[in-house]
Every structure is written in C-alpha cells, then in structure tokens.
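Residue numbers (our numbering): 23 to 154. The C-beta atom is built at its ideal place from N, Cα and C for all residues, glycine as well.
(1) List the endpoints of the continuous alpha helix (DSSP H) containing residue 149.
(2) Return the first residue and the last residue of the alpha helix (DSSP H) that residue 96 is part of.
(3) Among 108, 55, 95, which one has its Cα closest to the Cα of residue 81?
(4) So the candidates are 141, 61, 105, 65; which of them puts its Cα closest to the Cα of residue 32?
(5) Give the secondary structure of residue 60 by DSSP, where H, G and I count as helix, E and B as strand, and everything else as coil.
(6) Are the stretch 110-117 and the stretch 136-151 touching by the rule of at least three beta carbon pairs closer than 8 Å?
(7) Inspect the CB distances between the stretch 77-97 and the stretch 33-44 and report whether three or more fall short of 8 Å.
(8) Measuring straight from C-alpha to C-alpha, what distance separates residue 43 and residue 49?
(9) Report the CB separation of residue 87 from residue 113 in whole angstroms; it is logged as a contact under 8 Å.
(10) Report the three-state DSSP secondary structure of residue 103 (helix, strand or coil).
(11) Can you tell me which of 133, 107, 132 puts its alpha carbon nearest to the alpha carbon of residue 39?
(12) Measure how close the beta-carbons of residue 69 and residue 77 come, nearest whole angstrom, since I'm counting them as under 8 Å.
(13) Would you tell me roughly how many angstroms separate the C-alpha atoms of residue 109 and residue 47, rounded to the nearest one?
Next up, the structure:
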C-alpha cells in the first residue's frame, strides 16, 4: 500500500490516519476533551493541519510530542502511518521511562492468588491421598 499525501486534512482525520486513535469519533472526543494540543493551543476537530505543525497528544498515562511530516486522510498499515510524523526524542525517552516504571511496579506487587488449575488440583489430590 502506498502513502497518498493530501494538501489539506482535518486534525481528527489525520489523528485517525496516523493510528493514534481507533476511530475518528475517539479522535474527536480526545480533541474536544483537551487531550490534543496543536502548536500550544486547544484546536477544534475540524482544524486543518499543515506540515510542520507540532502536536501534543495525551492518551491515558502516555504523552506524545510530535511534528507533522506528511498529511494523509487514508488509514493504512502502522509502518506507513509512522511516516506521517516524527516524535521528539525527549517525548520518546519520557514515555519509555514511564513504561519501564510501570513494569517494575507491577513486578514488585504480588500476584493475586488464583484457584488451582486442572494440573494443580491433580497434584493436590495425589499429595492428600499419599499422606492421608
């Protein structure tokens, strides 16, 4: 699949095409909710993007600071969608630190005790019958 650049594209459509959101409705909701900033200000979903615009996108605990390289209104594979923008090095490093921190926190917390599976139940029964 080829990348088909456009001369004008709406912000919500570009965010969908760049695979930041699964649907245009989710992209519009994020823009209206103040999770997307364009050149430091809150845009409307219908705002036209230009090459070189800087976007700040917050999704959950992750934050992306990106620069628009190409405009496209067609959604394609992820490898092609990544050609539409470049992420700031500082933003990428900060996201990786947050992911690593969450991974370490999850590893430090004990796992919840679950019921034994089929193999575990058989081992328990064998142990009880042998000792009982």
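With the structure as the only source:
(1) Element bounds for residue 149: 140-153.
(2) For residue 96, no alpha helix (DSSP H) run applies, since DSSP gives it neither H nor E.
(3) Selected option, being the one with the closest Cα: 55.
(4) Residue 32 has its Cα closest to that of 65, out of 141, 61, 105, 65.
(5) Of the three classes helix, strand and coil, the one that applies to residue 60 here is strand, per DSSP.
(6) no
(7) yes
(8) 6 Å
(9) 4 Å
(10) Note: residue 103 maps to helix in three-state DSSP.
(11) 107
(12) Not confirmed; about 11 Å, so no contact.
(13) Counting only the Cα atoms, residue 47 lies some 23 Å from residue 109.
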